[in-house]
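Visitor: Numbering (the working numbering), first residue to last: 426 to 701. Each residue gets a CB set at the ideal place from its N, CA and C atoms; glycine is no exception.
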């Protein structure tokens, strides 16, 4: 949610989103974010105070129940659309930030949802897929507006995980839905910004804030570790679902195809590796 605050000041995420959308280099933008976020003054000419850590009223993004329909091993893709599938087209975009409003690159996002009739595919992977954020922390998902089913309002499920950090499991909601008032799980902090798009479709936006400590300056470049101590896991290797490795004297099985990188060692990324 990237709106103005009650005092009329733009939120830090709103400024950062606008700068990233304009194509500015992320590190340059980020170093200026604290000042840019308070460019609206009271007219006295006094220098505005720097904003605090990334806190726009939804920091960090609140977790929600996984529900009964999650399945691991979803395919890697940013489009859940398939030929012939009915439904209103929906484009969801946004960024993944840490506690200092700096984007998190390489974050894993695993989406799943109901079809237009409110049904989940529990035998295959229709309307299921995962992706990783770009270097600017951005993501984009092409799908349809999910249908309704008894007891729930309209929603998307998602798991979000920064490299080497815990998994955030949550849900995203649509504004103006009548069932938002009766769904006991609904949380207004998880409302997406939604607008009509061309061709009868819709566009939605949401920025995730993970509980990831960050310095206000550019992220230091990690020192790569080519091979895990005492194991066969190796950064830079393309693993497939089902591949087995060892790390720190313990065996692991790959859950989702990916290319390994520092920070994604098996014990740190349960969305990618399961202990054997």
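For residue 680, which three-state DSSP category applies?
Guide: It is coil, neither helix nor strand.
Visitor: Bridge partners of residue 628, per DSSP?
Guide: DSSP output for residue 628 lists 516, 620 as bridge partner(s).
Visitor: Can you check which of these residues, 543, 535, 525, is closest to residue 556 by C-alpha distance?
Guide: Minimum Cα distance to residue 556 is reached at 535.
Visitor: Assuming the contact rule is C-beta atoms closer than 8 Å, residue 489 and residue 578 should be a hit. Round their C-beta distance to whole Å, please.
Guide: About 12 Å; that fails the 8 Å criterion.
Visitor: Look up residue 613 in the DSSP assignment and say whether it is helix, strand or coil.
Guide: Correct three-state label for residue 613: helix.
Visitor: Between residue 597 and residue 510, what straight-line distance do the alpha-carbon atoms span, to the nearest angstrom?
Guide: Near 22 Å, if we compare the C-alpha coordinates of residue 510 and residue 597.
Visitor: Are the beta-carbon atoms of residue 696 and residue 681 separated by less than 8 Å?
Guide: Yes.
Visitor: Can you tell me whether DSSP reads residue 527 as helix, strand or coil?
Guide: Here residue 527 sits in coil by DSSP.
Visitor: Residue 639 and residue 525 look like a contact to me (Cβ under 8 Å); what is the Cβ gap, rounded to whole Å?
Guide: About 4 Å; that satisfies the 8 Å criterion.
Visitor: State the beta-bridge partners of residue 594 as determined by DSSP.
Guide: For residue 594, which the question treats as bridged, DSSP gives the partners 584.
Visitor: Are the CB atoms of residue 589 and residue 678 nearer to each other than 8 Å?
Guide: Contact flag unset, no.
Visitor: State the start and end residues of the unbroken beta strand (DSSP E) segment that holds residue 576.
Guide: That residue, residue 576, is in no beta strand (DSSP E); it is neither H nor E in DSSP.
Visitor: Could you pull the start and end residues of the beta strand (DSSP E) that residue 556 belongs to?
Guide: Unbroken beta strand (DSSP E) run through residue 556: 553-557.
Visitor: Specify, as a first and last residue, the run of the beta strand (DSSP E) that residue 672 falls within.
Guide: Start and end: 669-672.
Visitor: Ordered along the chain, which non-local residues of its own chain (more than five positions away) have a Cβ less than 8 Å from that of residue 684?
Guide: Answer for residue 684: 661, 662, 663, 664, listed in chain order.
Visitor: Would you mind sorting residue 574 into buried or exposed? The rule is 16 or more other CB atoms within 10 Å of its CB.
Guide: Under this definition residue 574 is an exposed residue.
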